[in-house]
Amino acid sequence: MKSDVEIAQEAEIMPIEEIANKIGIERNAIELYGDNKAKINTGKMEKLESKKDGKLILVTAITPTPAGEGKTTTVVGLGDALQKIGKNTAIALREPSLGPVFGMKGGAAGGGYAQVVPMEDINLHFTGDFHAIGAANNLLAAMVDNHIHHGNDLQIDPRKIAWKRAVDMNDRQLRSIVDGLNGKTNGVPREDGFHITVASEIMAIFCLSNNIDELKEKLKNIIVGYTYDDQPVSAGELNAQGAMAVLLKDAMKPNLVQTLEHTPAFVHGGPFANIAHGCNSVAATKLALKSADYIVTEAGFGADLGAEKFMDIKARYANVKPSASVVVATVRALKMHGGVAKKQLNEENLDALENGLPNLLKHLENMQNVFGLPTVVAINKFPTDTDAELQLIEDKCKELGVHMVLSDVWARGSAGGEAFAKEVVKLTERDSSFTYAYELDDPLKLKIEKLVHRVYGGKGIVVTSAVEKEIARFEALGFGRLPICMAKTQYSFSDDKTKTGRPSDFDITIRGVSISAGAGFIVVLTGSIMTMPGLPKRPAAEKIDINEEGKIIGLS
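For the record, in the sequence shown the residue sitting at position 177 is 177 according to full-length UniProt numbering, with numbers rising by one throughout.
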């Protein structure tokens, strides 16, 4: 089997104007980035404004394992399969971050014969959106420190600066630093640090803004720190929002590319789901909804993280409602949840599979019973899967009234997903009772408790007196109606990544809370989640290279 990058490099890519034309985007709205990438100026899309929205299909997954689940591959393959059976289809995905591309995860453009292309560009600098987001983030950081240096009229306490700089790379050395050294001309010495760009609040704001005016208002509301008497200081008080918006003006336009089978794909924005809300931009999703009849999108990590935040944060702000959901799993990953080591996954093991299946079933219960969506299970097919293992999964899903379909899109493209696509179309024709996991009027602590009880299946929460005081202060400042964004490990329903499968009788320890007032949510910190990852012992960067002909190798 050829590598992902080899398959992508051999693809015949259609001119991007032809891809846009398939979904009604006229030439005057297209800003070309070469022959096969474009940004779409949504301000020139008047003809689509009156069009009825298409049906939105949300793809999520079981709790991730080192065996892999293939969520993005499934999104791309399902989009291609829907197109193959005659449906007017578009895909909406997040942009990959350079940190994971050069770190452990690798790229995020799908895999095998279910990829978005040009794969190398998408996984690397693409159209420069993340660089613009990092620049806007760091402009604000520079303006905060500059204000303090030149007299500090706002009385910002340097010990209470909440705004960090950002870089789109995994670099543990930058997590905690001391800056402003070597004399007063170089600023005020203080402890500081960096976020990875995808963990920046600017990324969340970028992805939750419909237009430039809304973007500026959200940027204005960012809390950069607190005064000596503990009052919040906003970016608006520094008059930073206009310049930040200027840096983001082109990035705000959704990116259009295509799959290997020429299905239109909007790839735009990319917050992490274990730190932020884990969904592509509202602007791209809404453009896709106006452009196509069926739109396939994804949410990061498992349904307890990305899908929950899609519903409770993105869908709320964007006023969109999915018509159906897909939960992706593999036999191999479910056996890992059942206690099998990665080296033994090729062997049939029905006992381990049965022990791991509760993880899948809990995610299904969430999608159906908590969020009220018609749901199907997509099993990414592996050659080592046995008939007995697949039958066991199908039987357990039936007990919940959920169909299981096999997806072979990695190896066969759309031809491996036709039955899958037909099942999804049937789901979208059902009535749904879409709802949220909590109400905005619920007190902040009750919102957290509802997530732990209803979505994670936990017993309760442990909150220190210091965190209790912070929650009370946020409510007193008027932030009590904001939704919750849980910062939690992606590897478990609990806050302990070693508790795989479907743990029960556990508490979630809340170790901190912070306000993302611009993005419009409260971040709740659990476990040991870090906003600046590190590289693994053998980073993917060691295998990536370019030859004398300019051909990239080793990218996956």
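C-beta: ideal position from N, C-alpha, C; glycine also.
Note that the structure is a prediction, hence the values are computed from the model and not measured.
Check: DSSP three-state assignment for T384, whether helix, strand or coil; Outcome: coil
Check: Anticipated Cβ contact below 8 Å, L305 with L353, distance rounded; Outcome: About 24 Å separates the two Cβ atoms, so there is no contact after all.
Check: Reduced DSSP category for E17 - H, G, I as helix; E, B as strand; rest coil; Outcome: helix
Check: Nearest-angstrom Cα separation, counted from E449 out to G554; Outcome: 44 Å
Check: Inter-residue CB distance, K314 and L208 (contact presumed, cutoff 8 Å); Outcome: 7 Å
Check: Same chain, Cβ closer than 6 Å to C397, neighbours up to 5 away in sequence not counted; Outcome: V377 and M404
Check: Among D80, K290 and E423, nearest to L406 - alpha-carbon criterion; Outcome: E423
Check: Own chain partners of H363 with C-beta closer than 6 Å, once the 5 adjacent residues on each side are dropped; Outcome: I62, A303 and V327
Check: Uninterrupted alpha helix (DSSP H) stretches inside the segment 58 to 100 (no shorter than 4 residues); Outcome: 71 to 84
Check: Where the beta strand (DSSP E) through P503 begins and ends; Outcome: No beta strand (DSSP E) contains P503, which DSSP labels as neither H nor E.
Check: Spatial distance of I13 from I25 (CA atoms); Outcome: 18 Å
Check: Closest residue to E348 among V331, A108, R159 and R430 (Cα-Cα distance); Outcome: V331
Check: Limits of the beta strand (DSSP E) - the one that G520 falls within; Outcome: Run containing G520: none; DSSP gives neither H nor E here.
Check: Residues of its chain near G99, where Cβ-Cβ distance is below 7 Å and the 5 sequence neighbours each way are ignored; Outcome: D168, M169, N170, I196 and P533
Check: Sequence-distant residues of its chain with Cβ nearer than 8 Å to H147 (five each side left out); Outcome: D153, L154, I156 and L238
Check: Burial state of S528 (16 or more Cβ within 10 Å); Outcome: exposed
Check: Test item: CB-CB of D4 and G413 under 7 Å; Outcome: no
Check: Beta-carbon proximity of A204 to I222, cut-off 7 Å; Outcome: no
Check: Burial state of residue 558, where buried means 16 or more other Cβ atoms lie within 10 Å; Outcome: An answer regarding residue 558 cannot be provided, because it is not within the stretch 1 to 556 covered by the chain.
Check: Close Cβ partners of L535 (< 6 Å) along its chain, the five nearest in sequence each way excluded; Outcome: G103 and N170
Check: Length of the line joining the Cα atoms of V188 and T227; Outcome: 15 Å
Check: Simplified DSSP assignment, three categories, for T42; Outcome: helix
Check: Bridge partner(s) assigned by DSSP for F301; Outcome: The partner list for F301 (beta bridge, DSSP) is empty, contrary to what the question assumes.
Check: Alpha-carbon to alpha-carbon, L247 and A135; Outcome: 7 Å
Check: Residue of S465, N41 and V76 minimising C-alpha distance to E261; Outcome: V76
Check: Start-end ranges of the beta strand (DSSP E) lying completely within the segment 85 to 172, minimum 3 residues; Outcome: 89 to 93, 114 to 117, 156 to 161 and 165 to 167
Check: Classification of M336 by the beta-carbon crowding that lies within 10 angstroms, buried from 16 upward; Outcome: buried
Check: Rounded straight-line distance, which links the Cα of P118 to that of A11; Outcome: 9 Å
Check: Completely contained alpha helix (DSSP H) runs for the segment 297 to 343, where each covers 4 or more residues; Outcome: 331 to 337
Check: Residue from F272, L48, A199 and A142 with nearest C-alpha to A243; Outcome: A142
Check: Cβ-based burial, P66 [other Cβ within 10 Å; buried from 16]; Outcome: exposed
Check: DSSP state of T375 mapped onto helix, strand, coil; Outcome: strand
Check: Under the three-state DSSP convention, the category Y456 falls into; Outcome: helix
Check: Contacts around T375, its chain only, beta-carbon distance under 8 Å, and the 5 residues preceding and following it disregarded; Outcome: A324, S325, V326, V327, L364, M367, Q368, V402 and L427
Check: Nearest-angstrom Cα separation, counted from L350 out to G111; Outcome: 28 Å
Check: Option in G68, N547 and A307 with minimal Cα separation from K342; Outcome: G68
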